[in-house]
Amino acid sequence: MKEHDWNELYRHLLGQLRERGFLEVAEEVELAATQRIAPQDHGPMGRRLTGGRSAHEQRLLLPDLDSVDSQVPSRSPSGYEAFRASFTVLQTRLTEVPALIEAAYRDLEIGNALIEWWPDVPEGGVAAEFERFSAPDLTLGQDEQRQIKEALDHLTQLVERART
Amino acid sequence: MTTTLDELTDALNNLFNLSTTGKLLQLNSNTAERAFEAYVLGLCMRAVRNQGGTAILRGIKSGENPKPVVFRGGPGSMASTAQNFCFAYCTLGTKRFEIHLDVEYLGQSGATHEIDVSLYDYKTAEEVRRKGQLPKSNKPLIMAFECKFYTTTPGVDLARGFVGLVSDCASNKLNGFLANKGSSNLERYLSRANAPEPFTDLSPQNPDGEDRFVRYVEQVLRKWAPSRT
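Each protein sequence line maps, in turn, to chains A and B. The first sequence begins at 12 in this note's numbering and counts up by one. The second sequence begins at 10 in this note's numbering and counts up by one.
Below you can see the structure in the form of structure tokens.
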């Protein structure tokens, strides 16, 4: 696929998220897709800052990595990279979050007791609604997990094929 | 055979059309962060048990084996009985301690800090609950973990905040910055002297990263609470 195809696919993904009301995910996707790409080798600037110095000296030279990074040449992501970063956001949301709950149940050793999250406010106090939820909101049944996995695997295969 | 844009668009639409996709994408980031903390609590309990200790969940109102298990959805007080908030009661050798989620501590400077996952001395915690005070982040605070669940490449801002927090706490045995994803910037920032220990690949989908964290906690516990035999 050409650069403009990847850009269009990214815009489609973002549009779907907004259309379906997943606004927080849309923001995460935008953030991921617009992050500048730093080269693996930081080039002459990076070498000048760190080359030939002890680890201690390097730490003294790098007190604030944000300011150092702003001096390192970076570039805008390609259309493919922007889409790939967006897709990673979706994958993380759809597979890692349910896995966290499964793993928690494994190590907390609570059998099938329900896990709930409640805001810590005194009776009558005002609580943020997002602070109240329970494990079933984050977990998937086996069939649901399989469906998600199949859909993600299929997309991954198509993306890889489109790259070659 | 190459893939067309239409095929990819259709595959994306199929993913979005699954009802389970909607269920998970409508969650806000606070929800995932709290799930990550519960996962870390479980790993800490596993580390205690691996060292021959005991780790049991207690509700502040109900005692052992609470049902349901209630955690804080946001920062709160160790002494709070607004709900039956749970923590892990642990024994190891001669030591007794607790593991808490999202508890606020009083720093050396007098500032209040929320610590995502904290290991705290049992006797001092009992006193905190009796008096309804904020726990202090001094000697009874054994370990402090900042937990971050990222969906994108993380920057260093949150780690910088935690560095400030731990500098206001005295003599912890372990301070850790725990995240499911890392970045070269973050790893370089956390490689500095006095930075918290970095565990930036902590995920149930990465058993190696999980084991590394559990073993590290075990080692610190082992040094702090030597076996009686």
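For glycine and all other residues, C-beta sits at the position ideal for the given N, C-alpha and C.
When the Cα of residue i is compared with those of the options, which residue comes out closest?
{"i": "glycine 82 (chain B)", "options": "A:Glu14, A:Glu39, A:Trp128, A:Gly32", "result": "A:Trp128"}
{"i": "serine 93 (chain A)", "options": "A:Val132, A:Gln102, A:Ile48", "result": "Serine is not the amino acid found at residue 93 (chain A); the sequence shown has alanine there. That would be A:Ile48, whose Cα lies nearest to the Cα of alanine 93 (chain A)."}
{"i": "glycine 31 (chain B)", "options": "A:Ala43, A:Ile121, A:Leu111, A:Leu101", "result": "A:Leu101"}
{"i": "valine 175 (chain B)", "options": "B:Leu115, B:Val78, B:Asn26", "result": "B:Leu115"}
{"i": "lysine 182 (chain B)", "options": "B:Ala41, B:Pro163, B:Tyr129, B:Thr12", "result": "B:Tyr129"}
{"i": "phenylalanine 50 (chain B)", "options": "B:Asn39, B:Ser38, B:Thr40, B:Leu66", "result": "It is worth fixing the name first, because residue 50 (chain B) is leucine in this sequence and not phenylalanine. Ranking the options by Cα distance to leucine 50 (chain B), first place goes to B:Leu66."}
{"i": "proline 149 (chain B)", "options": "B:Met54, B:Cys178, B:Leu187, B:Phe171", "result": "B:Cys178"}
{"i": "leucine 33 (chain B)", "options": "A:Gln168, A:Leu149, A:Glu19, A:Gly135", "result": "A:Leu149"}
{"i": "arginine 157 (chain A)", "options": "B:Lys232, B:Thr11, B:Leu24, B:Thr13", "result": "B:Leu24"}
{"i": "glycine 62 (chain B)", "options": "B:Val79, B:Ser118, B:Thr12, B:Phe106", "result": "B:Phe106"}
{"i": "aspartate 125 (chain B)", "options": "B:Pro235, B:Leu187, B:Tyr225", "result": "B:Leu187"}
{"i": "tyrosine 131 (chain B)", "options": "B:Pro235, B:Gly141, B:Gly119, B:Ile151", "result": "B:Ile151"}
{"i": "alanine 139 (chain A)", "options": "B:Gln35, B:Thr40, B:Ser28, B:Thr11", "result": "B:Thr40"}
{"i": "glycine 141 (chain B)", "options": "B:Val172, B:Thr162, B:Ser89", "result": "B:Ser89"}
{"i": "asparagine 189 (chain B)", "options": "B:Arg201, B:Ser200, B:Phe208", "result": "B:Phe208"}
Please state whether DSSP places residue i in a helix, a strand or coil.
{"i": "phenylalanine 158 (chain B)", "result": "coil"}
{"i": "alanine 153 (chain B)", "result": "strand"}
{"i": "glycine 68 (chain B)", "result": "strand"}
{"i": "phenylalanine 110 (chain B)", "result": "Residue identity differs from the one stated: residue 110 (chain B) is leucine in this sequence, not phenylalanine. Three-state DSSP puts leucine 110 (chain B) in a strand."}
{"i": "serine 38 (chain B)", "result": "helix"}
{"i": "asparagine 215 (chain B)", "result": "strand"}
{"i": "isoleucine 159 (chain A)", "result": "helix"}
{"i": "threonine 12 (chain B)", "result": "coil"}
{"i": "lysine 190 (chain B)", "result": "coil"}
{"i": "aspartate 146 (chain A)", "result": "A quick correction: the sequence has alanine, not aspartate, at residue 146 (chain A). Here alanine 146 (chain A) sits in helix by DSSP."}
{"i": "isoleucine 126 (chain A)", "result": "strand"}
{"i": "tryptophan 17 (chain A)", "result": "helix"}
{"i": "asparagine 59 (chain B)", "result": "helix"}
{"i": "arginine 58 (chain A)", "result": "With a pLDDT of only 35 at arginine 58 (chain A), under the threshold of 50, the placement of this residue in the model should not be trusted; the figure read from the coordinates follows. It is helical."}
{"i": "alanine 43 (chain A)", "result": "helix"}
{"i": "glycine 116 (chain B)", "result": "coil"}
{"i": "lysine 104 (chain B)", "result": "strand"}
{"i": "cysteine 95 (chain B)", "result": "strand"}
{"i": "glycine 185 (chain B)", "result": "strand"}
{"i": "isoleucine 121 (chain A)", "result": "coil"}
{"i": "proline 77 (chain B)", "result": "coil"}
{"i": "valine 172 (chain B)", "result": "helix"}
{"i": "valine 126 (chain B)", "result": "strand"}
Drop a sphere of 10 angstroms on the beta-carbon of residue i, count the other beta-carbons inside from all chains shown, and report buried for 16 or more, exposed for fewer.
{"i": "glutamine 6 (chain B)", "result": "In the structure as shown, chain B starts at 10 and stops at 238, and residue 6 (chain B) therefore has no counterpart that could be examined."}
{"i": "glycine 122 (chain A)", "result": "exposed"}
{"i": "leucine 151 (chain A)", "result": "buried"}
{"i": "arginine 197 (chain B)", "result": "buried"}
{"i": "arginine 86 (chain A)", "result": "exposed"}
{"i": "asparagine 26 (chain B)", "result": "exposed"}
{"i": "leucine 17 (chain B)", "result": "buried"}
{"i": "serine 127 (chain B)", "result": "buried"}
{"i": "proline 213 (chain B)", "result": "buried"}
{"i": "glycine 170 (chain B)", "result": "exposed"}
{"i": "valine 137 (chain A)", "result": "exposed"}
{"i": "proline 109 (chain A)", "result": "buried"}
{"i": "glycine 185 (chain B)", "result": "buried"}
{"i": "serine 146 (chain B)", "result": "buried"}
{"i": "leucine 34 (chain A)", "result": "exposed"}
{"i": "asparagine 203 (chain B)", "result": "exposed"}
{"i": "aspartate 15 (chain B)", "result": "exposed"}
{"i": "arginine 64 (chain A)", "result": "For arginine 64 (chain A), the predicted model reports a pLDDT of 42, less than 50, meaning its position is unreliable; a value from the coordinates is still stated below. Its Cβ having fewer than 16 others within 10 Å, arginine 64 (chain A) is exposed."}
{"i": "threonine 175 (chain A)", "result": "exposed"}
{"i": "proline 130 (chain A)", "result": "buried"}
{"i": "threonine 13 (chain B)", "result": "exposed"}
Below 8 Å CB to CB, which residues in the same chain sit around residue i once its five sequence neighbours on both sides are set aside?
{"i": "serine 89 (chain A)", "result": "Glu14, Trp17"}
{"i": "serine 145 (chain A)", "result": "Leu125, Ile126, Glu127, Trp128"}
{"i": "threonine 121 (chain B)", "result": "Glu113, Tyr114, Leu115, Leu143"}
{"i": "arginine 29 (chain A)", "result": "Ala37"}
{"i": "leucine 105 (chain A)", "result": "Ile159, Leu163"}
{"i": "tyrosine 21 (chain A)", "result": "Ala44, Gly90, Ala93, Phe94, Ser97"}
{"i": "glycine 85 (chain B)", "result": "Ala91, Phe94, Asp111, Val112, Glu113"}
{"i": "glutamate 41 (chain A)", "result": "Leu25"}
Cutting at 6 Å between CB atoms, please list the residues of its own chain near residue i, excluding the five before and the five after it.
{"i": "leucine 21 (chain B)", "result": "none"}
{"i": "glycine 68 (chain B)", "result": "Pro75, Asn93, Cys95"}
{"i": "alanine 64 (chain B)", "result": "Met54, Val57, Arg58, Ala97, Cys99"}
{"i": "glutamate 123 (chain B)", "result": "Pro84, Glu113"}
{"i": "leucine 167 (chain B)", "result": "Lys157"}
{"i": "alanine 234 (chain B)", "result": "Leu101, Gly102, Lys104"}
Beta-carbon within less than 7 Å of residue i's beta-carbon, same chain only, minus the 5 sequence neighbours each way: which residues are those?
{"i": "methionine 87 (chain B)", "result": "His109, Val112, Ala134, Val137, Arg138, Pro144"}
{"i": "leucine 52 (chain B)", "result": "Glu219, Phe222, Val223"}
{"i": "aspartate 210 (chain B)", "result": "Gly191, Gly218"}
{"i": "threonine 103 (chain A)", "result": "none"}
{"i": "glutamate 171 (chain A)", "result": "none"}
Legend entry - Three or more C-beta pairs below 8 Å linking the region 149-159 of chain B and the region 40-51 of chain B: Yes, the region 149-159 of chain B is in contact with the region 40-51 of chain B.
Inset, instruction - Mind the definition here: the region 63-75 of chain B touches the region 212-232 of chain B only if three or more C-beta pairs lie below 8 Å; say whether that holds. - result: no
Legend entry - Meets three-Cβ-pair contact criterion under 8 Å: the region 51-65 of chain B and the region 112-122 of chain A: yes
Inset, instruction - Inspect the CB distances between the region 114-129 of chain B and the region 158-170 of chain A and report whether three or more fall short of 8 Å. - result: Cβ pair count under 8 Å is below three, so no.
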